[in-house]
Amino acid sequence: MLFLVLSSLAAAQEAQHVRYQDIREGAYSIVAQVRAKPGKEDALRAATLPLIELVRGDPKNLVYFLQEDRTKPGHFIFYEVFASQADFDAHNAMPYVKAWFAKLPELAEGGVEVMRMAILDLPKK
């Protein structure tokens, strides 16, 4: 497990920027949100921040952004892109993702709300 985490961190450091050419039309994208329970904002943030390096280190992840509402601390928005739903499902099966989800009943109001999206592209000329 430690090797998996360390190798994921090393891969995340290599990914310097988004490679738009690797994102094809129809890629599987999600926009998700989670809101901290009152008084749990810092705890949810602390549990969630490590996901940045871990998810970006996943070779099947194409884009990952974690954002927090500036006016509502503890309201987090996730933006993730994977080549396919199978890649996203494999991501959700990772131990670190399962461990994060297991913390949500204590930290979050109502769990995670997810919109499943398809990447669009301009027609080729």
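Residue numbers (this note's numbering): 1392 to 1516.
Just so you know, even glycine gets a beta-carbon here, dropped at the ideal spot from N, CA and C.
Problem set entry | Test item: CB-CB of K1451 and L1498 under 9 Å | no
Exercise. What are the residues that DSSP puts in a beta bridge with F1473?
Worked result: Y1419, N1452
Exercise. For L1440, does the three-state DSSP call read helix, strand or coil?
Worked result: coil
For this session: My understanding is that V1409 touches V1454, with C-beta atoms under 8 Å, so please give their C-beta distance in whole angstroms.
Result: 5 Å
For this session: Please name the residue in I1510, L1511, E1504, H1482 whose C-alpha comes closest to that of L1442.
Result: H1482
Problem set entry | D1425, DSSP secondary structure in three states | Sequence check: residue 1425 is Val here, not Asp. Three-state DSSP puts V1425 in a strand.
Exercise. Hey, how far is the Cα of L1400 from the Cα of L1445?
Worked result: For L1400, the predicted model reports a pLDDT of 44, less than 50, meaning its position is unreliable; a value from the coordinates is still stated below. Between L1400 and L1445, the C-alpha separation is close to 6 Å.
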